[in-house]
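Below is one structure, written out as structure tokens; the observations come after it.
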Amino acid sequence: MLTSLSLQLPFRPFPPRQPFSTLKNTIQMARSALDEMTETGAFDRTPSTFRNFISKDKASQFPAESGRYHLYISYACPWASRCLSFLKLKGLENAITYTSVKPKWERTKETDDHFGWVFPQSSEEEAGADPDPFYGAKSVRELYDLASSNYSGKYTVPVLWDKKLKTIVNNESAEITRMLNTEFNEIAENADLDLYPSRLQETIDGVNAWVYDAINNGVYKCGLAKKQGPYDEAVAKLYEALDKCEAILANQRYICGNVLTEADIHLFVTLIRFDEVYAVHFKCNKKLLREYPNLFNYTKDIYQIPGMSSTVCMDHIKKHYYGSHPTINPYGIIPVGSNTDFSSPHDRERFGR
Ligand SMILES: N[C@@H](CCC(=O)N[C@@H](CS)C(=O)NCC(=O)O)C(=O)O
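Taking UniProt numbering, the leading residue of the sequence shown gets 1, the next gets one more, and so forth.
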């Protein structure tokens, strides 16, 4: 059974909560990733809900148009960062605007106990975060409520929003990135860049599958496990997959060959957070990213692709994880970290451009 983790805490550094009896129903509806647990104590992510597609077909319900769509992200979130990366790489910044929420989860409503993504009141409040430009929403939850009156899932980012129909088109990063890759090519500045080329699709799908399970979602399975068994299993799988990546990257520049693909972006968003956050906060400490020569240099290589460094805000990343999961880090203290400079030289050019 899914339980509300927040009610089981011995201590939580947030405002006092209301009695359980008045909150029971709303708490069970307003869930977060911290509640996604199986009975065995393993983290179990629920699928995203809004799954519409933007299409280059002008007659479709969601046609690719400049100025119509908005991407709500958190710089902290690896899934949202996938989408922001595609937006930058494809040169879609003039066509699709975006806003980042504040990094640390806060109470989203006065009337219940849900904590989640909120907007700042002004652009001065938190560098990198901005108020909702269209509806003055206080939280991402309010956007979901605007889009659907009976939504009962998590209030996640990324959210690809349609300003015209005032609704969420899609909240699944793996699908949003596909749309950004192909559907906006009439207006994209880098239309020729194809991060999911047909000749590599099978390879990319194959790599994405194990990278998602063992690495992208794997770090969450390590960090959110509530029992030793599921943690042991997840951490073994994670390091087996990282070792596999290290071996692959000894022979080629990118994870699917010598050309940058979607699979690299998927891998990158986890690797860039690894030493600063996952190694400590999610107990992924068997080996650090910087102890893997190929993976470390590969991460720098991707970070240095024009546009990519602007998708990484380590300040938001650290504030979010260490500040939003009080069961894991009850005092919200942010560890000092290595402050690695990912713009320093790397050795990946040996494989050629
Ligand atoms: N499958 C989704 C996952 C998105 C997701 O889990 N986002 C997290 C942030 S990293 C979130 O917004 N969580 C809010 C919550 O758990 O309440 C995707 O890839 O887009």
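The beta-carbon is built from N, C-alpha and C at its ideal position, and this holds for glycine as well. The structure presented is a predicted model; accordingly, all values stated were derived computationally and were not measured.
DSSP state of residue i, grouped into three classes?
i	result
M37	strand
T167	strand
S55	strand
T97	strand
L71	strand
R273	coil
Y303	helix
I334	coil
residue 393	An answer regarding residue 393 cannot be provided, because it is not within the stretch 1 to 353 covered by the chain.
F282	coil
R107	strand
Y254	strand
H63	Reading off the sequence shown, one finds Pro at residue 63, where the question assumed His. P63 falls in the strand class under three-state DSSP.
F43	strand
L92	coil
Buried or exposed for residue i, please, with buried defined as at least 16 other CB atoms from any protein chain shown within 10 angstroms of its CB.
i	result
R199	exposed
N94	exposed
R350	exposed
D243	exposed
residue 428	Lying outside 1 to 353, the shown extent of the chain, residue 428 is not represented and no answer is given.
E175	buried
R51	exposed
K319	buried
E291	exposed
What does a CB cutoff of less than 7 Å around residue i pick up in its chain, not counting 5 residues either side in sequence?
i	result
K227	T40, G41
A263	I204, V207, N208, V211, I255, C256
S21	Note on S21: pLDDT 31, under 50, position unreliable in the model; the coordinate value appears next. Nothing meets the Cβ criterion.
E172	S48, R51
Nearest CA to the CA of residue i: which residue from the options?
i	options	result
R348	N258, E126, T108, A129	N258
K109	Y322, R141, A209	R141
S324	K286, Y151, W117, R45	W117
D44	A225, T327, F50, S123	A225
I317	T270, K286, N297	T270
K300	T327, K286, L267	L267
T99	S123, C77, D130	D130
R107	T97, A127, S81, K138	K138
S152	R31, K163, L87	R31
V157	I215, I73, Y196	I73
Y331	L238, H281, E276	H281
D162	Q61, P197, Y239, E246	Q61
W79	S122, N217, M37	N217
G337	S66, L289, T311, I305	L289
Y69	T182, V277, T167, G352	T167
M314	I272, K287, P306	I272
V169	T327, I215, A64, K286	A64
D232	K286, F134, Y135	K286
T182	D57, I333, N339, N329	D57
Suppose the cutoff is 6 Å on Cβ atoms and the five residues either side in sequence are ignored; what does the same chain contact list for residue i look like?
i	result
D132	F119
N190	K90, G91
N185	A191
K221	F43, A234
S81	V269, T311
L84	I73, T311
Give every residue of the same chain whose Cβ lies closer than 8 Å to the Cβ of residue i, excluding the five residues on either side of it in the sequence, and list them in chain order.
i	result
S343	K300, Y303, Q304, S309
E126	K102, P103, P120
L87	L71, E93, I96, Y98, L180
Original post:
Taking the runs of the beta strand (DSSP E) that are 3 residues or longer, which of them lie wholly in the region 115-163?
Top reply: Scanning the region 115-163 from its first residue to its last, the whole beta strand (DSSP E) runs of 3-plus residues come out as 159-162.
Subject >> Every unbroken alpha helix (DSSP H) inside the region 190-252 [4 residues or more] >> reply: Taken in chain order, the complete alpha helix (DSSP H) segments of 4 or more residues contained in the region 190-252 are 201-211, 218-224, 228-248.
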